[in-house]
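Quick note on numbering: full-length UniProt numbering labels position 106 of the sequence shown as 106, and the sequence is numbered without any gaps. Beta carbons are placed, not taken as given, at the ideal position from N, Cα and C, and that holds for glycine. First the structure, in the form of structure tokens, and then the observations on it.
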Amino acid sequence: MEHKQLRDEMVSICRRMNTSGINQGTAGNLSVRAGSGFLITPSGLPYDTMTPEDIVEMDFDGTYVGRRPSSEWRFHRDILKAREDIDVVLHCHSVYATTLACHHKTIPSFHYMTGVAGGATIRCARYATFGTQALSDAALEALEGRLACLLGQHGQISLGKSLEAALWLAIEVETLSRMYVQALTLGEPPVLPDDEMERVIAQMKRMSYGFGPEAEGSNDIARPRKA
């Protein structure tokens, strides 16, 4: 995809982050793998005034062209460098995910949709000062084998192969966080066992490839359309 188109789509996704309610003000940031480097949102610029030309082009050595990049460029760079399976890193301060992060709570498999992040839990990374290498290191640990994590006393990170996928996951993490916070008012909810979550994740992977949750051949009777 051409960089110009990527920049346009990044601006659109950033604005949708705000309209969806998972982000506000100048909080949050977004990056996309592009060629031998990546594109990232600039520092301190509100999304409603940001233009495609404001998006910053960075190399993995930390050099950049254009405006100053987001203060969180380190974890964007390190995640994209370490995770060849994804191309997009989305970070936001969504309210319920951040509420849990303030208590350093991992989201357990209280609901089967926890599996969308790739495992039986959505981990919370240890706290580290924003913009530091320590925060990047903590995020990488929490994201091992996962597509999303919370950041202790900070916010959330969601990953994806596409901008749309990363935004969808970030909204889902926020929805799960809200449900978990509400469930906790009744006490710690029961969690699904690991073997069930393995089945859930396997079915999610099948369905992401366009198949149904049933094993192949178990429900393959197709009825012809009536004339």
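Pairing CB atoms from the segment 149 to 156 with CB atoms from the segment 87 to 104, are three or more of them under 8 Å? yes
Between Glu72 and Phe130, what straight-line distance do the alpha-carbon atoms span, to the nearest angstrom? For the purposes of this step, residue 72 is identified with residue 72 of the sequence shown, where counting begins at 1. For the purposes of this step, residue 130 is identified with residue 130 of the sequence shown, where counting begins at 1. When rounded, the distance between both Cα atoms is 7 Å.
Is it right to say Met50 is buried, meaning 16 or more other beta carbons lie within 10 angstroms of its own, or is it exposed? Your numbering for residue 50 matches position 50 in the sequence shown. Classification of Met50: buried, given that the 10 Å Cβ count is 16 or more.
Roughly how many angstroms separate the alpha carbons of residue 265 and Ser31, rounded to a whole number? Not covered by the structure: residue 265. The range shown for the chain is 1 to 227.
Could you tell me the distance, in whole angstroms, from the CA atom of Cys14 to the CA atom of Glu188? To locate residue 14, count along the sequence shown from 1; it is residue 14. To locate residue 188, count along the sequence shown from 1; it is residue 188. For Cys14 and Glu188, the distance between alpha carbons rounds to 34 Å.
Hey, out of Ala148, Pro190, Lys205, Leu135, whose CA is closest to Ile171's CA? Here residue 171 is taken as the residue at index 171 of the sequence shown, counted from 1. Comparing Cα-Cα distances from Ile171 to each of Ala148, Pro190, Lys205, Leu135, the minimum goes to Ala148.
State the DSSP-derived secondary structure class of Ile157, mapped to helix, strand or coil. By one-based count along the sequence shown, residue 157 stands at place 157. It is a strand residue.
Coil, strand or helix - Arg74 by DSSP: Counting from one through the sequence shown, the residue named residue 74 turns up at place 74. Of the three classes helix, strand and coil, the one that applies to Arg74 here is helix, per DSSP.
Exposed or buried, what is Leu176 when buried is set at 16 or more other beta-carbons lying within 10 Å of its beta-carbon? Locating residue 176 in the sequence shown gives position 176, where the first residue counts as 1. Result: buried.
Spatial neighbours of Ser109 within its chain, please: C-beta separation below 6 Å, excluding the five flanking residues on both sides. Reading the sequence shown from its first residue, position 109 is the one you call residue 109. Counting only Cβ-Cβ distances below 6 Å, and skipping sequence neighbours, we find Ala120, Val191, Leu192, Met197.
Counting C-beta neighbours from all protein chains within 10 Å, is the total for Pro69 16 or more, i.e. buried, or is it exposed? Reading the sequence shown from its first residue, position 69 is the one you call residue 69. Result: buried.
Residue ranges of each alpha helix (DSSP H) within the segment 125 to 174, 4 or longer: 133 to 142
May I ask which residues mark the beginning and end of the beta strand (DSSP E) holding Ile40? Residue mapping note: residue 40 aligns to position 40 of the sequence shown, counting from 1. 37 to 40 is the span of the beta strand (DSSP E), which, as asked, contains Ile40.
Residue range of the alpha helix (DSSP H) that includes Val95: Walking along the sequence shown from the start, residue 95 turns up at place 95. Taken as a continuous stretch (DSSP letters only), the alpha helix (DSSP H) holding Val95 covers 95 to 102.
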